[in-house]
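Student: According to numbering that gives the first Met the number 0, the sequence shown is numbered sequentially starting from 0.
The beta carbon of each residue, even a glycine, is placed where N, CA and C say it ideally should be.
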Amino acid sequence: MNILLTGATGYVGGVLLRELHARGHRVRCLVRNPEKLAGKTPPDTEIFQGDVSDSESLAQSCQGIDTAYWLVHSMESGVDFERADRLAAEQFVKAAHRAGVRRIIYLGGLGTDDGKLSAHLRSRQEVGAILRSGGMNVIEFRASIIIGAGSFSFDLVRTLVERLPVMICPAWVATPTQPIAIGDVVQYLADGIELSADSSRIYEIGGPDVVSYGTIMKEYARQRGLMRLLIPVPVLTPRLSSLWLSLVAPRYSKVGRKLIDGLKNPTVVTSDAALRSFSIHPRRLNDAIAEAIYEEDTHFAGRRWTDFANDSIRIYRYGGRDEGRRLVDHRYKIVSVEATRAFAAIECIGGKHGWYAFDWLWTIRGWIDKALGGPGMNRGRRDATHLQAGDTLDCWHVEICDPPRRLRLSAEMRLPGRGWLEFEVIPRDGDVTIHQTAVFDPKGLGGLGYWYSIWFLHELIFSHMLHQIAKAAVCERSIPKVPSRKE
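#1: Quick check on DSSP: helix, strand or coil for Gln387?
#2: Would you tell me roughly how many angstroms separate the C-alpha atoms of Gly224 and Phe422, rounded to the nearest one?
#3: For Gln435 and Ile215, what's the separation of their Cα atoms in angstroms?
#4: Quick check: the Cα distance between Tyr10 and His396, rounded to an integer number of angstroms?
#5: Along the alpha helix (DSSP H) that carries Asp183, what are the first and last residues, could you check?
#6: So, under 8 angstroms CB-CB, Phe357 and Gly323 are touching, yes? Tell me the CB distance rounded to an integer number of Å.
#7: Measuring straight from C-alpha to C-alpha, what distance separates Thr391 and Glu218?
#8: In terms of residue numbering, what span does the beta strand (DSSP E) encompassing Ser409 cover?
#9: If you measure between the beta carbons of Tyr331 and Ala471, is that distance less than 9 angstroms?
#10: What three-state label does DSSP hand Arg313 in the structure shown?
#11: Does the beta-carbon of Leu15 have 16 or more other beta-carbons within 10 angstroms, so that it is buried, or is it exposed?
#12: Which residues share a DSSP beta bridge with Tyr202?
#13: Using the rule of at least 16 other Cβ atoms within 10 Å of the residue's Cβ for burial, across every protein chain shown, is Arg82 buried or exposed?
#14: Count Cβ pairs between the region 454 to 466 and the region 336 to 356 that sit closer than 8 angstroms; are there 3 or more?
#15: Touching or not, the region 443 to 457 and the region 338 to 353, by the rule of three or more beta carbon pairs under 8 angstroms?
#16: In whole angstroms, what is the alpha-carbon distance linking Leu386 and Glu125?
#17: Going by DSSP in three states, His24 sits in which element: helix, strand or coil?
#18: Among the residues of its own chain, which have a CB less than 6 angstroms from the CB of Ser270, if the five just before and after it don't count?
#19: Let me confirm a value: Phe140 is counted as buried when at least 16 other C-beta atoms fall within 10 Å, else exposed. Which label applies?
#20: My guess is that Asn372 and Arg413 are in contact by the Cβ rule of under 8 angstroms, so how many angstroms apart are they, rounded?
#21: Restricting to Cα atoms, I'd like to know which of Phe91, Ile279, Ile138, Val30 is closest to Ser195.
#22: Might you give, ordered along the chain, the residues of its own chain that have their beta carbon closer than 8 angstroms to the beta carbon of Arg157, omitting 5 neighbours on each side?
#23: Identify the residues that DSSP records as bridge partners of Trp419: which are they?
#24: Kindly indicate which three-state DSSP category Glu486 falls into: helix, strand or coil?
#25: Report yes if the CB atom of Leu456 is closer than 9 angstroms to the CB atom of Ala437, and no otherwise.
#26: Consult DSSP for Asp197 and reduce its assignment to one of helix, strand or coil.
#27: Report, in whole angstroms, the separation of the C-beta atoms of Cys394 and Ala410, which I expect to be a contact under 8 angstroms.
#28: For Arg313 and Asp154, what's the separation of their Cα atoms in angstroms?
#29: Quick check: the Cα distance between Thr44 and Gly318, rounded to an integer number of angstroms?
#30: Rounded to the nearest angstrom, what separates Asn136 and Val165 at their Cα positions?
#31: Taking 8 angstroms as the cut-off, does the region 43 to 57 touch the region 12 to 30 (at least 3 CB pairs, one atom from each stretch)?
#32: On a CA-only basis, which of Ser335, Phe91, His119 is nearest Leu57? Give me that one, please.
#33: Over the uninterrupted alpha helix (DSSP H) stretch that includes Ala98, give me the two end residues.
#34: Please classify Cys474: is it buried, with 16 or more other beta-carbons within 10 angstroms of its beta-carbon, or exposed?
#35: Figure out for me which residue from Asp296, Cys347, Leu188 has the closest Cα to the Cα of Ser276.
#36: In chain order, what residues of the same chain have a beta carbon less than 8 angstroms from the beta carbon of Ile2, not counting five sequence neighbours either side?
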């Protein structure tokens with residue numbers, strides 16, 4: 000079946016794209032900036048450059064399409080998102096109808112339309128009504144909070160819980176909601192293609208647990224092993240809450256205000272039609288959160304960390320940059336040598352050769368680690384010039400060693416969190432770029448305090464380390480004699 004997917008660069012759209020491909024559908028993605036999907040789509044995915052605000056590109060993208068997914072929402076933009084979503088939906092309906100699209104599948108939001116809906120939820124339901132007005136078959140799924148690694152709502156919960164041991168909570172934190180796991184949302188959306196329905200339908204979807212935002216925070220804290228105290232107060236309005244949010248989690252403040260405005264509205268399932276029409280058994284809240292934490296870990300571990308250098312969305316600042324709950328310090332240097340030479344300089348790091356920069360500081364860190372019950376810095380290394388996955392390297396463990404490309408070390412020293420140090424060598428135009436990435440996954444406020452308090456030392460040590468590695472790669476005498484690697 001030929002599928003048009005809008006919103007493919009968003010979280011839900013990206014997960015849905017992989018599911019549709021796994022089911023054998025031919026998918027065309029309508030995107031404004033194709034570079035955002037570079038290297039992230041299955042090989043047979045058609046990328047169509049266009050804009051949902053442009054009627055001509057909408058018309059072209061709908062040609063030859065059987066089912067179209069409308070996953071567009073303008074809440075993150077600085078424009079009047081209600082008006083923008085209304086106009087885009089109206090143009091899309093016209094284009095889809097003219098092109099002969101048989102079905103539209105839309106993801107909206109739960110909430111009873113009693114005249115008191117927030118602008119965010121009101122807009123979601125208005126778009127659904129506009130889509131149904133076009134005379135085509137429309138399947139609208141309405142969901143509450145989506146639990147998944149990348150969902151805005153879940154990311155906001157994670158950020159607040161990780162950073163605040165005590166939270167002053169307004170009354171809306173007790174508002175009932177019915178969260179649903181991202182995996183279940185995607186199953187509903189994908190199954191909507193084959194649904195036997197002659198007329199348009201609205202399905203309310205949610206997990207089996209009706210809880211509050213506060214309960215979600217407590218469950219996340221429990222699974223992360225964090226003690227958190229939530230203190231309810233009746234006077235903190237959504238406006239004051241959004242101002243507070245801009246201080247605690249400025250990255251989320253732009254959308255957070257609009258989202259918080261909607262938290263005053265209960266978002267629970269009032270119909271069991273979805274359970275009767277689909278063979279899907281939604282996960283419980285604890286399972287959904289556990290899966291989200293696991294998915295975040297596995298996704299981050301499998302990602303190319305050099306992508307941080309190409310991501311222009313994040314802004315560098317004191318303490319590095321946020322990537323989910325992790326903090327990242329990335330730097331690179333271009334050197335005119337072969338990749339094997341650059342990697343040889345990296346691979347002989349540690350042990351008797353030292354760490355290229357401020358070895359006396361590494362020694363002090365080892366003493367502190369020993370005093371705290373850690374391994375310290377005197378475990379050395381198995382081989383003077385070669386490493387392999389599983390090796391011990393002073394206070395590090397070799398997680399990945401892929402010569403002459405990548406070396407990833409995981410910290411075994413005592414830390415209020417988890418740490419990694421990765422080097423990657425990428426040939427380009429006769430030179431090589433040596434990427435150095437330090438990643439820290441802090442545990443609670445103590446972990447954050449640790450990272451920011453020693454950031455100036457990281458700046459000093461890691462920048463000098465990279466400079467010396469590049470220098471050693473150029474100067475052959477700076478590297479111990481490297482025998483041939485045995486296959």
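Tutor: Reading from the atomic positions:
#1: coil
#2: 31 angstroms
#3: 36 angstroms
#4: 33 angstroms
#5: 181 to 190
#6: Going by Cβ atoms, the distance from Phe357 to Gly323 rounds to 30 angstroms, so no, they are not a contact pair.
#7: 36 angstroms
#8: 405 to 410
#9: no
#10: Low confidence applies here, because Arg313 scores a pLDDT of 45, under 50, leaving its location unreliable and the question unanswered by this model.
#11: buried
#12: Phe140
#13: exposed
#14: yes
#15: no
#16: 59 angstroms
#17: coil
#18: Glu203
#19: buried
#20: Per the sequence presented here, residue 372 reads as Gly, with Asn not at that position. 6 angstroms between Cβ atoms; contact.
#21: Ile138
#22: Tyr219, Gly323, Arg324
#23: Ser409, Val438
#24: Low per-residue confidence applies at Glu486: pLDDT is 43, beneath 50, and the placement is therefore not dependable enough to give any value.
#25: no
#26: coil
#27: 7 angstroms
#28: Bear in mind that the predicted position of Arg313 carries a pLDDT of just 45, short of 50, making it too unreliable to give a figure here.
#29: 38 angstroms
#30: 48 angstroms
#31: yes
#32: Phe91
#33: 80 to 98
#34: exposed
#35: Leu188
#36: Leu19, His24, Arg25, Val26, Arg27, Ile64, Asp65, Thr66, Ala67, Tyr68, Ile192
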